[in-house]
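Accompanying notes for the structure given below.
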Amino acid sequence: MSLDESISHQSLLKVKVWRGKEDGQWMNYEVPARENQTVLDVVSEIQRKLEPGLAYRYACRVGVCGSCAMTVNGKPRWTCRTHVKKVSGTGELTIEPLRNLPRIKDLVCDLAPFIDTWQKAGAPFSGIQTRHQEPAKVDPGSKARKAADAGLQCINCAVCYSACDVVSWDKDYIGPAGLNRAWTLINDARHGKRAETFNKAFGEGGCGSCHSQGNCTRHCPIGLSPSESITGLKKSALFGLPKV
Amino acid sequence: MQIKTSISTTHIDYHQTDVLILGSGGAGLFAALHAKQANPDLDITIAVKGLFGKSGCTRMVQGGYNVALNPGDSVERHFMDTIVGGKWLPRQDLAWKLCEVAIERIRELENELGCFFDRNPDGTLHQKAFAGQSFDRTAHKGDLTGIEIINRLMEKVWSLSVNKLEEHRAIELIPAADGSGISGVLMIDIRTGKYRFIQARSVLMGTGAGPSMYRYHTPSGDKTCDGLAMALRYGLPLRDMEMVQFHPTGILAGNDTRMTGTILEEGLRGAGGYLLNGGGERFMHNYHKAGERATRDIVSRSMYNEMREGRTTPQGGLFIEMAHLGAENVARKFPGMVTRCADCGFDLAGGRVEVVPTAHYMMGGIEVDIDCSTGSPGLYVAGEDSGGVHGANRLGGNGVANSTVYGGIAGDEMAAYIKRDGEYRDPDRSIIEQGVARVEYPFSQVSGNSMELREQLWVDMWDQVGIVRTAKGIAKGQSQIKEHKNSLMGQGLTDGERSFNLTWHDWINMSSLLTVSEVIATAALAREDSRGAHFREDFLQTDDLETTQYTRVRQQGDGFVQTMVPVEFSIVKPGESLIDDEAGAPPPTQNNSENPQ
């Protein structure tokens, strides 16, 4: 390979993108490799310059809305915060929709079934108090508060749901994000239905189905540990609800 | 929601619902919740351009929620800070209601919805200092408060029986055939590409505006002023549209990345971060004694001037540098910002990150009454789409308070309205047909690229109608916008597929942005003084506060009509105050290192 060829090869990124729904095909594109470039930028560039019909989804651009997750080189990732350099050691990208969710078109999935698991796991919150009272006093250093805190700020991006093998074979399984939410509720002194939430989280499709493979925790883009929350739920079955 | 037959000639699905809500940010979700609480029998439909609870900017709130909870604070104090911060331009009864109802709303969020706001050691809510406030009143959850607020709201509303239309884009407000009020909204189901008319007794617009017509901007990518553009076509007046807030530190990472324009939080400057020009020199003390810690508008203008003088980085921006505070210390104090930068390839803790001021929020919007109603019976507006609460400048922490307070009020009021006299109105079918024709148009044209046009608009708005304005520049901007409008009509679509055709939606986005850009320019030309976010290099003074007027713009035919309207000082007059000490000044005991968002 001549020097010129090698430079031109380095400056182009080879991208393989899934187009269609369950039935579809891989399409190949080449886009310029850039210094500051996320996977979302690559997908956007393909749509803007090469394939105007390409469907994908994004909103906030900064990793808080959880709209843009896709499967990138085989792993579920948030694409707005995934720098190309982090995933394309070979100079190649393969981008397809998240698994475990119904496909809509190209890189877009329906996230509604994933959000539905929230309710199955015992959400929403049911307050003991109302708007006519002062907020409850909660010791920020208490064990329960810290446990709840550790599981909050989930952006419901469905990366864990897509990474989870149990979800892929058991459609009744609530999945990591919903169970993680249940664990934060069980540790919340202000929640009036802690026992009910626990029963749901431990019932059919609940934490008992988890095989502790840890894919959820390994892939969570914001570093939450649904595995730990699920372990907490399982322990509660033996030792009772955590003290709040 | 009842599904009816289609309106035969134009292939439009037809539905009916009692309450139709556009948008699922803080305003839309609170409206749905309150309307359902007021009357559980109401059939409520939420339509959102993106995903439920994921579209829009409430979720992106970093800093927090302003609310007078502490016994040492008061509604009067919060109100005075808001009025003085807004340079006496806010509509005072709206600002008062914001401050008053915020107390109930934060309790609702915490007690009924389960938001877990940060606590003081004694267990009470922690409230931090924010710029322009005379009391530390910003409740928060870490430095990503919006996630907690929207997560709890969305799981609550998701659990109610509310119809959810995700990836539905509103394209036209449809009046009643007899002109008696709103009859419903025409939209595109983005997933299928089909048209849908939803007839409703009452409609809330909570689509969140968003100044994404500027080269550098912070809002979520789906925000393109669609709601404001629809309101203009519908005939509603907009106020204060010249008031666009710029945030000093947006990431600058090149034209080809969506990271560009997104915010690095103001706390970095508050903690002692340096802003450096292209030559590596600090410059803020050349402009203001507070240096990097001066308020948003001053820092943004100073940065703009430094850039205009050519003292820039290779990409045309400036640097923020934190390394002198110790890389480890910075990484510990700002983990969110450091990882965000690292994911994008920047070393914030130990290196320099290129930054530019970035368009953040529109203080202006649709004129509403205190109950969120508009001049059109049945049509309500809340959140960033509405104008008048913030005046010339929005305080950090008043944005999410605005959307949640007024979203809830709108929900209460819409339920009451329907009980009172909310009948379905027959739609004006000619407006439906016009709406369809408007968005069908690009399919009739040969191919083009509306994104290139959008990039030109970004530059023109930035240069001519941006942080520093002159009559000459604004006039130039106006003629550029008109040219872009003509160019857009020559842009078509190569892919005729309707389903999830983002390039089609890029075209419609561009159309909305051009309309609202023209309104911003019109209002900016009319305001011949400098105040708050509006800075006229040819009119540096702030006019007499007692005769303060606001700009009102409405569409007439293809053009816009602008008038000046006196501000009514219904609660407090310039020179008077409801508090003893200085409104807007930092509290005397404040050890201010935390700062605003």
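In order, the protein sequences belong to chains A and B. Per the working numbering, the first sequence starts with residue 898, numbered consecutively. Per the working numbering, the second sequence starts with residue 70, numbered consecutively. The C-beta atom is built at its ideal place from N, Cα and C for all residues, glycine as well. As the structure is a prediction and not an experimental result, all values here were calculated from the model.
Counting pairs of Cβ atoms below 8 Å between the region 227-247 of chain B and the region 151-165 of chain B, do you hit three or more? These segments do not touch.
Quick check on B:Met376: does DSSP put it in helix, strand or coil? The sequence position of residue 376 of chain B within the second sequence is 307, counting from 1. Residue state, collapsed to three classes: helix.
Residues in the same chain with beta-carbon distance under 8 Å from A:Glu927, minus the five sequence neighbours each way, listed in chain order, please. Position 30 of the first sequence, counting from 1, holds the residue named residue 927 of chain A. Within the same chain, A:Glu927 has close Cβ partners Leu909, Leu910, Lys911 and Val912.
Within 10 angstroms of the Cβ of A:Arg1091, are there 16 or more other Cβ atoms? Answer buried if so, exposed if not. On the first sequence, residue 1091 of chain A is found 194 positions in, with the first residue counted as 1. When all chains shown are included, A:Arg1091 counts as buried.
Quick check: the Cα distance between A:Val1056 and B:Leu594, rounded to an integer number of angstroms? For the purposes of this step, residue 1056 of chain A is identified with residue 159 of the first sequence, where counting begins at 1. For the purposes of this step, residue 594 of chain B is identified with residue 525 of the second sequence, where counting begins at 1. Each residue's alpha carbon lies about 48 Å from the other.
Of all Cβ atoms in chain A, is any one closer than 9 Å to the Cβ of B:Arg174? On the second sequence, position 105 is the one that residue 174 of chain B refers to. Chain A contact via Cβ: present.
Can you find a C-beta in chain A that's less than 9 Å from the C-beta of B:Phe388? By one-based count along the second sequence, residue 388 of chain B stands at place 319. B:Phe388 does not count as touching chain A.
According to DSSP, what are the bridge partners of B:Gly628? Translated into positions along the second sequence, residue 628 of chain B becomes position 559. Under DSSP, the beta-bridge partners assigned to B:Gly628 are B:Gln625.
If we define contact as Cβ-Cβ less than 9 Å, is B:Arg221 a contact residue for chain A? By 1-based counting over the second sequence, the position of residue 221 of chain B is 152. Interface residue, yes.
Quick one: is A:Gln1030 buried, meaning 16 or more other Cβ sit within 10 Å of its Cβ, or exposed? Within the first sequence, residue 1030 of chain A is the residue found at index 133, counting from 1. Classified as exposed, A:Gln1030 has fewer than 16 neighbouring CB atoms from the shown chains inside 10 Å of its CB.
Starting from the C-beta of B:Asn661, find all residues in its chain whose C-beta is less than 7 Å away, skip the five residues before and the five after it, and write them out in chain order. Counted from its first residue, the second sequence places residue 661 of chain B at position 592. Per-residue confidence for B:Asn661 stands at a pLDDT of 43, beneath the threshold of 50, marking its modelled position as unreliable; no derived number is given.
With distances taken from CA atoms, which of B:Asp627, B:Pro190, B:Leu98 and B:Asp598 is nearest B:Thr669? In the structure as shown, chain B begins at 70 and stops at 666. Residue 669 of chain B is therefore absent and cannot be evaluated.
Rounded to whole angstroms, what is the Cα-Cα separation between A:Glu1093 and A:Cys1104? Position 196 of the first sequence holds residue 1093 of chain A. Position 207 of the first sequence holds residue 1104 of chain A. So the two alpha carbons sit approximately 14 Å from each other.
Determine the extent of the beta strand (DSSP E) in which A:Asn997 is found, giving its start and end residues. Here the question's residue 997 of chain A lines up with position 100 in the first sequence. No beta strand (DSSP E) contains A:Asn997, which DSSP labels as neither H nor E.
Beta-carbon separation of B:Leu120 and A:Ser964 under 9 Å? Working through the second sequence from its first residue, we reach residue 120 of chain B at position 51. Working through the first sequence from its first residue, we reach residue 964 of chain A at position 67. Cβ atoms of B:Leu120 and A:Ser964: closer than 9 Å.
Do you know offhand how far B:Val537's Cα is from B:Glu606's? As a working mapping, residue 537 of chain B is identified with position 468 in the second sequence. As a working mapping, residue 606 of chain B is identified with position 537 in the second sequence. Their backbone Cα atoms lie some 6 Å apart in a straight line.
For the region 1093-1111 of chain A, which residues have a beta carbon sitting closer than 7 Å to at least one beta carbon of chain B? The region 1093-1111 of chain A vs chain B, Cβ under 7 Å: nothing.
Who are the neighbours of A:Trp873 on chain B, taking C-beta pairs under 7 Å? Any question about residue 873 of chain A goes unanswered here, given that chain A covers just 898 to 1141.
B:Val399 versus B:Leu417, B:Arg260, B:Phe352 and B:Tyr619, residue with shortest Cα-Cα distance: Translated into positions along the second sequence, residue 399 of chain B becomes position 330. The option with the nearest alpha carbon to B:Val399 is B:Leu417.
Output, in sequence order along the chain, the residues in the region 955-969 of chain A whose CB is closer than 8 Å to any CB in chain B. From the region 955-969 of chain A, only Tyr955, Ala956, Cys957, Arg958, Val959, Gly960, Val961, Cys962, Gly963 and Ser964 have a Cβ closer than 8 Å to chain B.
Limits of the beta strand (DSSP E) - the one that B:Gly319 falls within: Residue numbering aside, residue 319 of chain B sits at position 250 when the second sequence is read from its first letter. Note, B:Gly319: beta strand (DSSP E), Val313 to Ile320.
For B:Tyr134: DSSP bridge partner residues: Along the second sequence, read from residue 1 onward, the residue named residue 134 of chain B stands at position 65. Note: B:Tyr134 sits in a beta bridge opposite B:Ala208.
I want to see whether chain B comes within less than 9 Å of A:Leu995, judged by CB atoms only; does it? Taking the first residue of the first sequence as position 1, residue 995 of chain A is located at position 98. The beta-carbon of A:Leu995 is placed no less than 9 Å from the nearest beta-carbon of chain B.
Beta carbon proximity, A:Ile1029 to chain B, threshold 9 Å: The sequence position of residue 1029 of chain A within the first sequence is 132, counting from 1. Reading the sequence as shown, one finds His at residue 1029 of chain A and not Ile. Yes, its Cβ sits closer than 9 Å to a Cβ of chain B.
Can you confirm whether the region 1039-1058 of chain A touches the region 209-220 of chain B when touching is taken to mean that 3 or more C-beta pairs between the two stretches lie within less than 8 Å? Output reads yes: the region 1039-1058 of chain A touches the region 209-220 of chain B.
Closest by C-alpha distance to B:Thr127, when choosing among B:Ser93, B:Ala590 and B:His553: Start at 1 with the first residue of the second sequence, and residue 127 of chain B comes out as number 58. Distances from the alpha-carbon of B:Thr127 to those of B:Ser93, B:Ala590 and B:His553 put B:Ser93 closest.
Got a sec? Which residues, its chain only, sit under 6 Å from B:Gln384 by beta carbon, not counting five neighbours each side? Mapped onto the second sequence, residue 384 of chain B falls at position 315. For B:Gln384, where only same-chain residues beyond five positions count, the Cβ hits under 6 Å are Leu321 and Glu423.
Which of the three DSSP states is assigned to B:Glu436 in this structure? Start at 1 with the first residue of the second sequence, and residue 436 of chain B comes out as number 367. If DSSP states are grouped into helix, strand and coil, B:Glu436 belongs with the strands.
Through-space distance from B:Pro288 to B:Met483, alpha-carbon basis: Start at 1 with the first residue of the second sequence, and residue 483 of chain B comes out as number 414. Start at 1 with the first residue of the second sequence, and residue 288 of chain B comes out as number 219. Roughly 28 Å between the two C-alpha positions.
Extent of the continuous alpha helix (DSSP H) run through B:Ile640: The residue given as residue 640 of chain B occupies position 571 in the second sequence. Neither: B:Ile640 is in no alpha helix (DSSP H) and is coded neither H nor E.
Chain-order list of residues whose beta-carbon lies under 6 Å from that of B:Ala269 (same chain, five-residue window excluded): Position 200 of the second sequence, counting from 1, holds the residue named residue 269 of chain B. Thr86, Leu89 and Gly253, listed in sequence order.
Assign A:Leu1004 to buried or exposed, taking buried as 16 or more other Cβ atoms, counted over all protein chains shown, within 10 Å of its Cβ. On the first sequence, position 107 is the one that residue 1004 of chain A refers to. Around the beta-carbon of A:Leu1004, 16 or more other beta-carbon atoms lie within 10 Å, marking it buried.
In the DSSP assignment, the alpha helix (DSSP H) including B:Thr591 goes from what residue to what residue? Position 522 of the second sequence, counted from the first residue, corresponds to residue 591 of chain B. Counting along the chain, the alpha helix (DSSP H) containing B:Thr591 begins and ends at Leu571 to Ala595.
Residues of the region 255-266 of chain B whose Cβ lies closer than 8 Å to any Cβ of chain A, in chain order: Cβ contacts with chain A come from Arg260.
If you compare alpha carbons, which of B:Tyr283, B:Ala300, B:Asp295 and B:Thr326 is closest to B:His316? For the purposes of this step, residue 316 of chain B is taken as residue 247 along the second sequence, with counting starting at 1. Answer by Cα proximity: B:Tyr283.
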